[in-house]
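Chemist:
Quick look at the structure:
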């Protein structure tokens, strides 16, 4: 009765027969017939077709639960076989945000591929919530992210440290009053700006300035609020954007200040439209880690990948 389970599972994921048929590259009548045969073997409908999107029946929910256990066991056995074949096969899917995919991952992916050319690597870009869902469901193997990814369901492996700094449009007049706190891109790239001889900017000077923040489920959002509240003000949030890289580019247009990681300055092309300010390093240090699901079989390819990440950290 679990032959053809992929049909049932795809309908469950998409919420409709038409979308599932499209994803499975079969006609909708053929999909409906396959589902009907499975329901006949079970002796009960799996879907309540009177709702939109369609819902699972009680038996359907139990069927999906069993499907997920079967697919998890199949995936675990597949990983085991890949290990037994000395990494002649295997795949790893890594999810992250646009910035880390653009700047932190490429060198690691390249080095791993040179050493293990037979292992397929896949990259998924997404928001924190979507990546967490995909990691939980097993659609991806790893997330490269910060502590906002953390969950009791996940383990982590540290990869990279960064600090948050303030990025301010260069044409703002307030910059003339704060020249002693400004940091050059070279100082940030080298990490020298973290030395005690370079003071942190008095953030309260920006209490009347508009800010771009990332969404509330992003660690950057909570940190920005904390930094501002520590010096006595609540930031005026003029824009909320999903990606740090986008916020950085919009700040360059002169609209708002924003909080960015020094990783972005280290890897992105220098932007003369932005002035950089150091913030308290004790409050702004962030650990970027690889997160993976607890209590799952860790295939050899993934173990090798994480070990290589440790050597590059």
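Residue numbers (UniProt numbering): 1 to 313.
Built from N, CA and C at the ideal position, the CB exists for glycine as well.
(1) Distance, Cα to Cα, residue 288 vs residue 264?
(2) Rounded to the nearest angstrom, what separates residue 91 and residue 304 at their Cα positions?
(3) Quick check on DSSP: helix, strand or coil for residue 198?
(4) Measure the CB-CB distance between residue 201 and residue 181 and report whether it falls below 7 angstroms.
(5) Residue 260 bridges to which residues according to DSSP?
(6) Using DSSP bridges, identify the partner residues of residue 292.
(7) What runs of the alpha helix (DSSP H), each 4 residues or longer, lie entirely inside the segment 53 to 116?
(8) Is DSSP giving residue 241 helix, strand or coil here?
(9) Taking Cβ positions, are residue 87 and residue 301 nearer each other than 7 angstroms?
(10) Would you kindly work out how many angstroms separate the C-alpha atoms of residue 280 and residue 241, rounded to a whole number?
(11) My understanding is that residue 299 touches residue 118, with C-beta atoms under 8 angstroms, so please give their C-beta distance in whole angstroms.
(12) Are the CB atoms of residue 16 and residue 45 nearer to each other than 7 angstroms?
(13) Quick check on residue 120: does DSSP put it in helix, strand or coil?
(14) Output the distance between the C-alpha atoms of residue 312 and residue 50, rounded to the nearest integer angstrom.
Modeler: Let me lay it out:
(1) Answer to the nearest angstrom: the Cα atoms are 13 angstroms apart.
(2) Cα-Cα distance, rounded: 12 angstroms.
(3) In the structure shown, residue 198 sits in coil (DSSP, three-state: anything other than H, G, I, E or B).
(4) Cβ distance < 7 angstroms, so residue 201 and residue 181 count as in contact.
(5) Answer is 165.
(6) According to DSSP, residue 292 bridges with 155.
(7) Whole alpha helix (DSSP H) segments, 4+ residues: 58 to 84, 98 to 103, 105 to 115.
(8) If DSSP states are grouped into helix, strand and coil, residue 241 belongs with coil.
(9) Residue 301 sits close to residue 87, with the two beta carbons spaced by under 7 angstroms.
(10) Between residue 280 and residue 241, the alpha-carbon positions lie close to 24 angstroms from each other.
(11) Not really, about 13 angstroms apart at Cβ, beyond 8 angstroms.
(12) Residue 45 sits away from residue 16, with the two beta carbons spaced by 7 angstroms or more.
(13) Strand, per DSSP.
(14) Between residue 312 and residue 50, the C-alpha separation is close to 54 angstroms.
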